[in-house]
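Chemist: Numbering-wise, the sequence shown is residues -24 to -1, 1 to 118 according to mature numbering (1 follows the signal peptide of the UniProt record, and there is no 0). All residues carry an ideal CB built from backbone N, CA and C; glycine is no exception.
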Amino acid sequence: MKKSFIICLLVAFFLFGVTSSAAAANWVFVGKLQLASGKSRTDYVDSETVVWNKADNSITFWLLSETVDPERPPNMSAWTTTKYVTKLDGIYPTRVLEWHGYTKIDGKVMGLSSKKPDSQVIYPEEYSLLSEAIELAEKYAR
């Protein structure tokens, strides 16, 4: 039991050490999406790692999402940290730079996955969690 806890702790440390979200000290609530199926997702922006690029008027920020599915065992949730870059031109063309996902059961990290996606540009819908996250991150841009 103690050995598995230490392994999980090391894996979590590695995950956050690699993603630069280890410096994340201030996750600010963005919003919660509740679906009719009972699934829910809650998003948070890391206000301390938002960076504004003056040259191209864009921001880079980390988003933490917790997804809860009532069909999964109790005390089980899926978490992702996603690094975005968004151009602040009104329609917010956005790209995912990094994505890291893991599953937590009773607060313990049980599975990890990571990827560096292609450079596809997405346009968040108005009033979506992503557009709300972008607007919140913009307030913290330095």
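Of the choices Ala54, Gly7, Asn29, whose alpha-carbon is the least far from that of Lys84?
Modeler: Of the candidates Ala54, Gly7, Asn29, the one whose C-alpha sits nearest the C-alpha of Lys84 is Ala54.
Chemist: So is Glu102 buried or exposed if we call it buried at 16+ other beta carbons inside 10 Å?
Modeler: Glu102 comes out exposed.
Chemist: Give me the Cα-Cα distance between Pro100 and Thr79, rounded to the nearest whole angstrom.
Modeler: The straight-line gap from Cα to Cα measures roughly 26 Å.
Chemist: DSSP has Glu74 in a bridge; who is on the other side?
Modeler: Paired residues: Lys59.
Chemist: Using the C-alpha atoms, what's the distance from Ala113 back to Gly77?
Modeler: Computed Cα separation, rounded: 21 Å.
Chemist: Which value, in whole angstroms, describes the spacing of the CA atoms of Ser34 and Leu40?
Modeler: For Ser34 and Leu40, the distance between alpha carbons rounds to 20 Å.
Chemist: Buried or exposed: which applies to Lys59, given that a residue is buried once 16 or more other Cβ atoms fall within 10 Å of its Cβ?
Modeler: Counting Cβ neighbours within 10 Å, Lys59 comes out buried, since at least 16 surround it.
Chemist: If you count every other CB in all the chains shown that lies within 10 Å of the CB of Phe37, and 16 or more means buried, which is it?
Modeler: Under this definition Phe37 is a buried residue.
Chemist: Could you check what DSSP says for Leu11 in three-state terms: helix, strand or coil?
Modeler: Leu11: coil per DSSP, three-state reduction.
Chemist: On a CA-only basis, which of Asp82, Lys91, Ala31 is nearest Met52? Give me that one, please.
Modeler: For the residues Asp82, Lys91, Ala31, the minimum Cα distance to Met52 belongs to Asp82.
Chemist: According to DSSP, is Ser89 helix, strand or coil?
Modeler: In this structure, Ser89 counts as strand in the three-state DSSP scheme.
Chemist: Are the beta-carbon atoms of Ala109 and Val26 separated by less than 8 Å?
Modeler: Their beta carbons are not under 8 Å apart, which means Ala109 does not touch Val26 by this criterion.
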